[in-house]
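Asker:
2 protein chains.
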Amino acid sequence: MGTASAPTSARTRPRGWRLTTLACPGGAPAAAPIHCAAVSTSAVPIVGATGALGFGLALRFGRAGVPVVIGSRDHDRAQEAAAKAAALVPSGSFDGARNAEAVKGAEIVILSVPFRNQSENLTNLKGALEPGQLLVDATVPLAAALSGKATRTLGVWQGSAAQQAQEMVPEGVTVLSAFHTVSAALLSDLDHRLDEDVLICGDRRADKDRLAELIGRIDGLRPVDCGPLEMARIVEQLTPLIISINVRHKVRAGIRITGLE
Amino acid sequence: MGTASAPTSARTRPRGWRLTTLACPGGAPAAAPIHCAAVSTSAVPIVGATGALGFGLALRFGRAGVPVVIGSRDHDRAQEAAAKAAALVPSGSFDGARNAEAVKGAEIVILSVPFRNQSENLTNLKGALEPGQLLVDATVPLAAALSGKATRTLGVWQGSAAQQAQEMVPEGVTVLSAFHTVSAALLSDLDHRLDEDVLICGDRRADKDRLAELIGRIDGLRPVDCGPLEMARIVEQLTPLIISINVRHKVRAGIRITGLE
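Note that the protein sequences, when read in sequence, are chains P and S.
Numbering (our numbering) for the first sequence: 1 to 261.
Numbering (our numbering) for the second sequence: 262 to 522.
#1: Do you know offhand how far PRO328 of chain S's Cα is from LEU320 of chain S's?
#2: Answer yes or no: the CB of GLY51 of chain P versus the heavy atoms of the ligand SAM, is any distance below 7 Å?
#3: From what residue to what residue does the beta strand (DSSP E) around SER333 of chain S run?
#4: Hey, would you say LEU475 of chain S sits closer than 8 Å to LEU455 of chain S, going by beta carbons?
#5: Among the residues of its own chain, which have a CB less than 6 Å from the CB of ARG116 of chain P, if the five just before and after it don't count?
#6: Starting from the N-terminal side, write out each stretch of the beta strand (DSSP E) that is 3 residues or longer and does not extend beyond the segment 343-376 of chain S.
#7: With DSSP run on the structure shown, which of helix, strand or coil describes LEU122 of chain P?
#8: Using a Cβ cut-off of 8 Å, pull out every chain S residue sitting near ASP225 of chain P, in sequence order please.
#9: Can you give me the Cβ contacts of ASP203 of chain P inside the same chain, cut-off strictly under 6 Å, excluding the 5 residues immediately before and after it?
#10: Tell me which residues of the segment 406-430 of chain S have at least one Cβ-Cβ distance to chain P shorter than 9 Å, keeping chain order.
#11: Taking just the CA atoms, how far does ASP480 of chain S sit from THR139 of chain P?
#12: Note down, in chain order, all residues in the segment 192-209 of chain P with a beta-carbon under 7 Å from any beta-carbon belonging to chain S.
#13: State the start and end residues of the unbroken alpha helix (DSSP H) segment that holds VAL247 of chain P.
#14: Considering only residues of the same chain and omitting the five flanking positions on each side of GLY477 of chain S, which have a CB-CB separation below 8 Å?
#15: Counting only C-beta atoms, is PRO501 of chain S closer than 8 Å to chain P at any point?
#16: Using DSSP's beta-bridge definition, name the partner residues of VAL173 of chain P.
#17: Taking C-beta pairs closer than 8 Å, name the residues in chain P that THR519 of chain S reaches, listed in chain order.
#18: Are the segment 171-186 of chain P and the segment 123-132 of chain P in contact at 8 Å, needing three or more beta carbon pairs?
#19: Below 7 Å on C-beta distance, what does GLN237 of chain P contact in chain S?
#20: Counting only C-beta atoms, is ARG204 of chain P closer than 8 Å to chain B at any point?
#21: Helix, strand or coil, according to DSSP, for GLU196 of chain P in the structure here?
#22: Can the beta-carbon of ALA87 of chain P be found less than 8 Å from the beta-carbon of GLY71 of chain P?
#23: How would you write the range of the beta strand (DSSP E) that VAL182 of chain P sits in, first residue to last?
#24: In chain order, what residues of the same chain have a beta carbon less than 7 Å from the beta carbon of VAL235 of chain P, not counting five sequence neighbours either side?
#25: Among the residues of its own chain, which have a CB less than 6 Å from the CB of ARG15 of chain P, if the five just before and after it don't count?
#26: Starting from ASP225 of chain P, trace the alpha helix (DSSP H) in both directions and tell me its first and last residue.
#27: Can you tell which of P:LEU211, P:ARG152, P:ALA206 and P:ARG256 has its C-alpha closest to the C-alpha of ASP458 of chain S?
#28: What's the gap between the Cα of GLY159 of chain P and the Cα of GLY54 of chain P?
#29: I need the straight-line Cα distance from LEU448 of chain S to ASP470 of chain S, nearest angstrom please.
#30: Can you grab the Cα-Cα spacing for the pair ALA304 of chain S / VAL364 of chain S, in whole Å?
#31: From this set, S:GLY515, S:ASP356, S:ASN382 and S:MET492, which residue's C-alpha is nearest ALA426 of chain S's C-alpha?
#32: Give me the Cα-Cα distance between VAL247 of chain P and ALA253 of chain P, rounded to the nearest whole angstrom.
#33: Which one or two residues does DSSP pair with ARG517 of chain S in a beta bridge?
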């Protein structure tokens, strides 16, 4: 499979992939000199990857040797975004598909949509998500979803967007929460050297370990376990905090937890 | 005045002090070789400095050449804590006084009390706080205040403990919010080299600049303007997040905002 740079509609995704077994036996092949061979990695669908954050994640995962399926409500838009990603990261493996198609068979699904579209997307994915899958929710309930400020949030009945997602996914699907504090612009700026943390919330350590290993493949992103999913109530609030800092200091801020090393 | 190491009950605090004028003209005197002369600095009262966070801040400010008045409900406890601080930081200037006495004439007052005592303390300070003063609130509405978890918070009607404080202080007193993410234990461990941020919220830039200059005197603490006081809703939530990280990783975590330099 190697490092296909053009999107293909016929995807072959090895099943049974475990991140914990993803060492680079015998070194990486010549076509992917920096990272592990893409062949040993299950593709990661990103629902909403035509948006800024999802697209930035797609680029970075693609460059890290992780095959990415760009999900969109529209098949053509998904394919276009995959082609664009492949042009930006020629060594990456990108595919495009409708969201419900994109998530099939994946072990880890990333949900990166605006809060106003989260419920709709999760409703549409009800027949597509499968027991055993991990859904990584990156949604932030910004007040901007209802014409409010991007430095304020809406109250979510379940406590957080991630907890709302957990209520909506089919039984057997586990929701994790991550990627709220990483700038979409910096992810997409491939010349920018990332150096920040990704805060992860989730109820099971083993799930978080799997996600952490995936995140750790992106150079400069360090995953940090922040506790159970309910902590997403706090971590989701960091997005408006960072937006407020960005506005004040004219920067693209991120978060680093000190004292961990 | 120099660097009195013993607490004295007769305090002399120069008025009219402005942090912005606190350069070190002619260099620091021999007795305080690292920092500016304490003589040019107005004393900073810390209400609740017999507690862990307040005491840690007292030590660090003392070492930075900022005279500190340790406030407590009890005069003797305040004096004892001041003596203890002076023993730990012989170059520092520490005094102890009842809270209402401690805050008199100060430009910047730090409020470092548990959430369950915040209202009581502010009520007691109503006759003591003076128009023009800045009150820096470090209160966090941990659910632990009502026998809940330290990784959860209580809802505060005004939005945050800091906003509750703003509602309670006398007219003309301005509340800022800070110090929520700095470990009390690391502050008190004077061998520990701090390297983290202090997130500041407040409605007026000039007030935040004054506070930032004060915080910047402590080696290893970088003040970061996070926006208006209402952002304390978010920043106060970082304490339970850090507690959750501490528990999981067995560390004393803090926060660093990336991308600012």
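Note that the Cβ used here is the ideal one computed from N, Cα and C, for glycine as well.
Answerer: Taking the coordinates as given:
#1: The sequence position of residue 328 of chain S within the second sequence is 67, counting from 1. The sequence position of residue 320 of chain S within the second sequence is 59, counting from 1. Distance between the alpha carbons of PRO328 of chain S and LEU320 of chain S: 10 Å.
#2: The ligand content of the structure shown is nil, which means the ligand SAM is not present either.
#3: Indexing the second sequence from 1 puts residue 333 of chain S at position 72. Here the beta strand (DSSP E) through SER333 of chain S covers 329-333.
#4: As a first step, residue 475 of chain S is located in the second sequence; it is residue number 214 there, counting from the start. As a first step, residue 455 of chain S is located in the second sequence; it is residue number 194 there, counting from the start. No. Outside cutoff.
#5: To locate residue 116 of chain P, count along the first sequence from 1; it is residue 116. Result list for ARG116 of chain P: ALA145, in chain order.
#6: 355-359 and 369-372
#7: Position 122 of the first sequence, counted from the first residue, corresponds to residue 122 of chain P. In this structure, LEU122 of chain P counts as helix in the three-state DSSP scheme.
#8: Sequence index remark: in the first sequence, residue 225 of chain P carries index 225 (1-based). Under the 8 Å cutoff, chain S gives ILE506, ARG509 and HIS510.
#9: Position 203 of the first sequence, counted from the first residue, corresponds to residue 203 of chain P. Cβ neighbours of ASP203 of chain P beyond the five flanking positions: PRO228 and LEU229.
#10: THR412, ARG413 and THR414
#11: On the first sequence, residue 139 of chain P is found 139 positions in, with the first residue counted as 1. On the second sequence, residue 480 of chain S is found 219 positions in, with the first residue counted as 1. Their Cα atoms are separated by approximately 37 Å.
#12: ASP195 and GLU196
#13: Sequence index remark: in the first sequence, residue 247 of chain P carries index 247 (1-based). Taken as a continuous stretch (DSSP letters only), the alpha helix (DSSP H) holding VAL247 of chain P covers 238-249.
#14: Indexing the second sequence from 1 puts residue 477 of chain S at position 216. Around GLY477 of chain S: ARG483 and PRO484.
#15: Reading the second sequence from its first residue, position 240 is the one you call residue 501 of chain S. By this cut-off, PRO501 of chain S is an interface position.
#16: Numbered from 1 along the first sequence, position 173 holds the residue referred to as residue 173 of chain P. None; VAL173 of chain P has no bridge partner.
#17: Taking the first residue of the second sequence as position 1, residue 519 of chain S is located at position 258. Result: ASP195, GLU196, ALA253, GLY254, ILE255 and ARG256.
#18: yes
#19: Taking the first residue of the first sequence as position 1, residue 237 of chain P is located at position 237. What GLN237 of chain P touches in chain S: ILE495 and GLN498.
#20: Although the question refers to chain B, the structure presented lacks it and instead comprises the protein chains P and S.
#21: Within the first sequence, numbered from 1, the residue matching residue 196 of chain P stands at position 196. Note: GLU196 of chain P maps to strand in three-state DSSP.
#22: Taking the first residue of the first sequence as 1, we reach residue 87 of chain P at position 87. Taking the first residue of the first sequence as 1, we reach residue 71 of chain P at position 71. No, the pair does not count as a contact, with Cβ atoms beyond the cut-off.
#23: Here the question's residue 182 of chain P lines up with position 182 in the first sequence. Taken as a continuous stretch (DSSP letters only), VAL182 of chain P belongs to no beta strand (DSSP E), as it is neither H nor E.
#24: If you number the first sequence from 1, residue 235 of chain P lands on position 235. Same-chain partners within the cutoff: SER177, HIS180, LEU199, CYS201 and CYS226.
#25: What you label residue 15 of chain P is simply residue 15 of the first sequence in a count that begins at 1. Confidence at ARG15 of chain P is low in this model, with a pLDDT of 32, below 50, so its placement is unreliable and no value can be given for it.
#26: Taking the first sequence and counting its residues from 1, the one referred to as residue 225 of chain P is at position 225. Per DSSP, ASP225 of chain P belongs to no alpha helix (DSSP H); it is in the beta strand (DSSP E), 221-225.
#27: Residue mapping note: residue 458 of chain S aligns to position 197 of the second sequence, counting from 1. Nearest option by C-alpha distance: P:ARG256.
#28: Working through the first sequence from its first residue, we reach residue 159 of chain P at position 159. Working through the first sequence from its first residue, we reach residue 54 of chain P at position 54. So the two alpha carbons sit approximately 23 Å from each other.
#29: Walking along the second sequence from the start, residue 448 of chain S turns up at place 187. Walking along the second sequence from the start, residue 470 of chain S turns up at place 209. The straight-line gap from Cα to Cα measures roughly 22 Å.
#30: Here residue 304 of chain S is taken as the residue at index 43 of the second sequence, counted from 1. Here residue 364 of chain S is taken as the residue at index 103 of the second sequence, counted from 1. In a straight line, the C-alpha of ALA304 of chain S is about 9 Å away from that of VAL364 of chain S.
#31: Along the second sequence, read from residue 1 onward, the residue named residue 426 of chain S stands at position 165. ALA426 of chain S has its Cα closest to that of S:ASN382, out of S:GLY515, S:ASP356, S:ASN382 and S:MET492.
#32: Locating residue 247 of chain P in the first sequence gives position 247, counting from the first residue. Locating residue 253 of chain P in the first sequence gives position 253, counting from the first residue. The alpha-carbon atoms of VAL247 of chain P and ALA253 of chain P are separated by roughly 10 Å.
#33: Position 256 of the second sequence, counting from 1, holds the residue named residue 517 of chain S. Answer is P:ARG256, bridged to ARG517 of chain S.
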